[in-house]
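Chains as they are written, first to last, in full-length UniProt numbering: chain A, 1 to 276; chain B, 1 to 407.
For each residue, glycine too, the CB sits at the ideal point set by N, CA and C.
On a predicted model such as this, the values are computed, not experimentally measured, just so you know.
Working notes, beginning with the structure itself.
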Amino acid sequence: MGSNARKGSTAVALEDVGRTYQLAEPVHAVDGVSLELENGSFTAVMGPSGSGKSTLMNLIGCLDTPTAGGIEIGGNPVANLSNAERARLRGTEIGFVFQTFNLMPRLTAAENVSLPLVFHDDVDQDRRERARELLERVGLGDRLDHVPSELSGGQRQRVALARALVNEPTLVLADEPTGNLDTDTEAEIMDLLVELNEAGTTLLVVTHERTVAEYADHVVHLLDGHLEDIEHLGSARDVTVPGDAIDEGTSESGDASESSDASEPGDASTGTESAP
Amino acid sequence: MNLRESLRISWRSITSHKLRSTLTTIGVIIGIAAVITFMVLGSGFSASIIGDIEADQEPVMIVQTQTEPEGGVGIVPVETPIYTESDIEALEGQEGVSFVAPEGSLDVVQTATDDEQITGVVSTEATTADSFEHSTFVDGEPFGGEDEAVINEPASQVFEENVSTGDELTLTFEDGETATVTVSGVVEADFGEQTPPQVFVPTDPYYTTTIETPDGDEERAYPMLVVGAESFETVDPAQAAVVDYIEAESHAAELKGDDDEIQVQTVEDAIEQFTDIVDQLTLFIGAVAAIALVVGSIGIANIMIVSVTERTREIGIMKAVGARRRDIMQLFLVESVVLGIIGAIGGVALGLGAGYLGVRALEWPMAYPVDWIVLAIAVGIGVGIVSGLYPAWRGAKVDPIEALRRE
Chain A
1 MGSNARKGST AVALEDVGRT YQLAEPVHAV DGVSLELENG SFTAVMGPSG
51 SGKSTLMNLI GCLDTPTAGG IEIGGNPVAN LSNAERARLR GTEIGFVFQT
101 FNLMPRLTAA ENVSLPLVFH DDVDQDRRER ARELLERVGL GDRLDHVPSE
151 LSGGQRQRVA LARALVNEPT LVLADEPTGN LDTDTEAEIM DLLVELNEAG
201 TTLLVVTHER TVAEYADHVV HLLDGHLEDI EHLGSARDVT VPGDAIDEGT
251 SESGDASESS DASEPGDAST GTESAP
Chain B
1 MNLRESLRIS WRSITSHKLR STLTTIGVII GIAAVITFMV LGSGFSASII
51 GDIEADQEPV MIVQTQTEPE GGVGIVPVET PIYTESDIEA LEGQEGVSFV
101 APEGSLDVVQ TATDDEQITG VVSTEATTAD SFEHSTFVDG EPFGGEDEAV
151 INEPASQVFE ENVSTGDELT LTFEDGETAT VTVSGVVEAD FGEQTPPQVF
201 VPTDPYYTTT IETPDGDEER AYPMLVVGAE SFETVDPAQA AVVDYIEAES
251 HAAELKGDDD EIQVQTVEDA IEQFTDIVDQ LTLFIGAVAA IALVVGSIGI
301 ANIMIVSVTE RTREIGIMKA VGARRRDIMQ LFLVESVVLG IIGAIGGVAL
351 GLGAGYLGVR ALEWPMAYPV DWIVLAIAVG IGVGIVSGLY PAWRGAKVDP
401 IEALRRE
């Protein structure tokens, strides 16, 4: 697969990462997770509600800071970055795709796509041209001047995807990107994501839909903030995965046997339940 | 993020809430409009009077008594007759002085022509013919005898049928006595439109107020003197001589009340003093109007806080795609400053408009208080910054995760 294009270097590395919220009593949303995402890899994160999927994504996306452990992006630790530096990292290295699209309601599709460029001080490039290029790539070349309310859900998500790509990020994080879409649209969006991944972008998709997770090379299973298991689908996306039916809708990964410790560097915290 | 971008985005936000933005800026508009209107009216008022005075400036000075009211603002004239005949005589002998004309009001209750009587309104002053030395006569000449009178233009127009030279006026005094005088001439009014109608008659025989001088004599005394200098060049030395005499030797200095002050004012001094008073008054009213500005800026702050709360999710999106705190801060500050500037511009326009209508109705000259307009714009920007600072700071510290979780 194209995902092997930049294999060998690490895009994201998590080392014993924890995120604790100090509520009435401490809540460990993410607890002791170690994980590495290789450059060009496509990883899905699965788990039931409250398992820490979104927190994990926010941590990797530098929207949140861990209370324990360390995160490296592109080999650089982000712990010591200032607020502004982390914002810059989000703007240049990372692209976000959300379940609820999160487009600016008053901006047109083209303006939404070029929004990340606005926050750069070096703004010499022709943003409109760049936005047009990306919108054409996601099949919305004729919707440049439409505001989000004039677009369908699938179209909105495609705008969001184009926005995530505008800065040519090395890492794209998608949180339930198809959660608000019907099955056909889901396939369209996932195809776009796969296309993107094949072009070399590291992709992390948080989902609780098995059908979505199956587009990925690896599936990370979370439960109560712990990394339960890493399931390697390898290059077998078009091959029927054994135990598919068993895995449907659960975080238990019954089929991880073939790959649980093959090449994943995050195995420090895995394997506890990998064998059924 | 550059300024043009934040301007563009802020403008979008302002125009997408047109009604709200308009209502928000109205506070600032009213505040600034009020200040500008008062400044226009104040300058117009000053200009109308000073223009009239300066047009026929005379080498004369006015000697009169003033006092500062207790706890009050400004100065009030004192009408006590303290300038005696001896003082007048002595002043006439001073270097550079060409004449000294006393002036004192007479208690005339009714002024009548052959076919019309007017009660009040017209004031009657006793003076000497010298006081007309520098006056401009529209018609006729100063009075020459006791049965003649000079009237000013407003007085000539106060009757239904204009009074002119040669007409007879009958004055009825408070004590019931009457006197009939023939109009010998009509003079231009001292203060243009603002001058009340006046009739001038000779002090002899009409002025009878007397006072006991410090020397023990009973002499006629007047509340005010008009001192003429020989020329414009000698006004200043003559003024100095008059002041010296009054302070050192005059009866007036001894007769005046303890808190009273004798003023020797040239026309120039009078203009200056008048301008000072008008300026102070205008400033005071302006300060009151400025309160509206404070209210206006609170309005902007309020709406900006609402706007930040409402757009929390948008802030979260912007932060997720790379906006720094200062970008968000800048965005909201620019928005409130734009609202402030719109308010200022609107206020200046409205204020000039209202001021224009005002001065036109009052027939004063239009003035453009440029420094106040510049100040108003500066204040608009200032109001925008001050009222936007806190909301912008609140926006900047929005947690993107929380913000994006909101629906």
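In the DSSP assignment, B/H251 falls within the alpha helix (DSSP H) that extends over H251 to L255. The CB of B/M366 never comes closer than 9 Å to any CB in chain A; the least such distance is about 43 Å. For the options B/D276, B/F284 and B/V78, the alpha carbon positioned closest to that of B/P69 is the one of B/V78. Note on geometry: alpha-carbon atoms of B/V150 and B/A238 lie some 27 Å from one another.
Only P400 and I401 from the segment 372-402 of chain B bring a Cβ to less than 7 Å from some Cβ of chain A.
With a contact defined as Cβ atoms closer than 8 Å, B/G322 and A/T92 qualify at about 7 Å.
According to DSSP, B/S123 shares a beta bridge with B/Q198. The DSSP assignment places 210-212, 218-222 and 224-229 as complete runs of the beta strand (DSSP E) inside the segment 209-257 of chain B, in order along the chain (cut-off: 3 residues). When 8 Å is used as the limit between beta carbons, B/S21 is near no residue of chain A, the shortest such separation being about 14 Å. The C-alpha of B/I36 lies about 40 Å from the C-alpha of B/R324. Boundaries of the beta strand (DSSP E) around A/Y21: T10 to Q22. Close to chain A, meaning a Cβ-Cβ distance shorter than 7 Å, are the following residues of the segment 296-315 of chain B: E314. By the beta-carbon neighbour count (other beta carbons within 10 angstroms, threshold 16), B/P197 is buried. In this structure B/Y206 touches B/L106 by the C-beta definition: roughly 6 Å separates them, less than 8 Å. The alpha-carbon of B/D258 is positioned some 24 Å away from that of B/V227. With a cutoff of 8 Å on beta-carbon distance, B/G286 and B/V383 are scored as not near each other. Contact annotation: in the segment 37-48 of chain A, no residue has its CB less than 8 Å from a CB in chain B. Exposed is the label assigned to B/L23, since fewer than 16 other Cβ atoms lie within 10 Å of its Cβ. Take B/Q94, set aside five residues on each side of it, and the residues of its chain with a beta-carbon closer than 7 Å to its own are A238, A241, V242 and Y245, in chain order. For B/A189, there is no enclosing alpha helix (DSSP H), since its DSSP letter is neither H nor E. When C-beta distances to chain A are compared with 9 Å, the residues of the segment 318-335 of chain B below that value are M318, K319, A320, V321, G322, A323, R324, R325, R326 and D327, in chain order. Secondary structure at B/I75: coil, using DSSP grouped into helix, strand and coil. Between B/P400 and B/V308 the beta-carbon gap is near 14 Å, outside 8 Å, which marks them as no contact. From the listed residues B/A101, B/T80 and B/T67, the smallest Cα separation to B/M61 is found for B/A101. Three or more Cβ pairs closer than 8 Å define a contact, and the segment 175-185 of chain A falls short of that threshold against the segment 195-202 of chain A. DSSP places A/F101 in no alpha helix (DSSP H); its state is neither H nor E.
Between A/L59 and A/V30, the beta carbon gap of about 7 Å places them in contact (Cβ cut-off 8 Å). The contact set of A/V118 on chain B, defined by CB atoms closer than 7 Å, consists of M1 and E5 in chain order. DSSP places A/L171 in the strand class (E or B) of the three-state scheme.
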